[in-house]
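So the structure is just underneath, and the comments pick up after that.
Residue numbers (my numbering): 216 to 372.
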């Protein structure tokens with residue numbers, strides 16, 4: 216598993232009816248350590264500087280309530296639409312989907328996060344949605360630090 220020059224750098228692609236933001240990050244920990252962080256709602260505020268609160272259980276079909284630092288006055292209700300332990304997790308609502316994909320290797324775990332916001336009403340609300348790149352970069356840096364801290368910075372197989 217190689218580390219890319221773009222690790223930890225988010226990019227956004229826009230169309231008339233959608234916007235997708237993507238980031239990939241190599242983490243020097245096994246997928247189970249990364250997954251534990253991503254799948255434990257009550258722990259998010261302890262390791263993620265982009266999360267004010269996250270309520271509910273992260274299990275397939277459940278609804279969680281997220282308050283992000285991007286807009287601390289708003290609570291996002293998101294459904295867990297994909298839940299494949301150590302591999303894939305998706306939170307979604309009518310206009311939004313965020314997927315975290317994990318792939319393991321001898322040197323750790325590669326995490327890719329893609330968030331798509333879109334639909335027929337997207338052009339009406341697009342200007343009110345803040346840029347996500349810095350938020351993604353902070354989130355993945357926090358995830359990397361927390362996951363590597365749980366394993367002493369070494370991948371376990």
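We treat Cβ as the ideally placed atom computed from N, Cα and C, and that holds for glycine. Computed from a prediction, not measured in an experiment: that's the story for all the values here.
Strand pairing of residue i, partner residues [DSSP]
{"i": "residue 277", "result": "In the DSSP output, where bridge partners are listed per residue, residue 277 has none listed."}
{"i": "residue 283", "result": "266"}
{"i": "residue 307", "result": "294, 312"}
{"i": "residue 240", "result": "326"}
{"i": "residue 333", "result": "233"}
{"i": "residue 299", "result": "303"}
The beta strand (DSSP E) enclosing residue i, as first and last residue numbers
{"i": "residue 224", "result": "From DSSP, residue 224 is part of no beta strand (DSSP E); its letter is neither H nor E."}
{"i": "residue 312", "result": "311-320"}
{"i": "residue 253", "result": "Note, residue 253: premise wrong, no beta strand (DSSP E); alpha helix (DSSP H) at 246-253."}
Same chain, Cβ closer than 7 Å to residue i, five either side skipped, listed in chain order
{"i": "residue 246", "result": "301, 317, 319, 324"}
{"i": "residue 331", "result": "233, 235, 312"}
{"i": "residue 345", "result": "285"}
{"i": "residue 333", "result": "232, 233, 234, 310"}
{"i": "residue 287", "result": "267"}
Buried or exposed by the 16-neighbour rule on C-beta atoms within 10 Å, applied to residue i
{"i": "residue 355", "result": "buried"}
{"i": "residue 376", "result": "Because the chain in this structure spans residues 216 to 372, residue 376 falls outside the shown range and cannot be described."}
{"i": "residue 295", "result": "buried"}
{"i": "residue 272", "result": "exposed"}
{"i": "residue 342", "result": "exposed"}
{"i": "residue 289", "result": "exposed"}
{"i": "residue 347", "result": "buried"}
{"i": "residue 256", "result": "buried"}
{"i": "residue 293", "result": "buried"}
{"i": "residue 304", "result": "buried"}
Same chain, Cβ closer than 6 Å to residue i, five either side skipped, listed in chain order
{"i": "residue 372", "result": "With a pLDDT of 37 at residue 372, under the threshold of 50, the predicted position of this residue should be treated as unreliable, though the coordinate-derived value follows. The answer is none, since no qualifying residue turns up."}
{"i": "residue 328", "result": "238, 315"}
Own chain partners of residue i with C-beta closer than 8 Å, once the 5 adjacent residues on each side are dropped
{"i": "residue 284", "result": "264, 265, 266, 267, 350"}
{"i": "residue 358", "result": "240, 242, 249, 252, 253, 262, 263, 326"}
{"i": "residue 352", "result": "223, 224, 225, 238"}
{"i": "residue 269", "result": "256, 257, 259, 260, 279, 280, 281, 282"}
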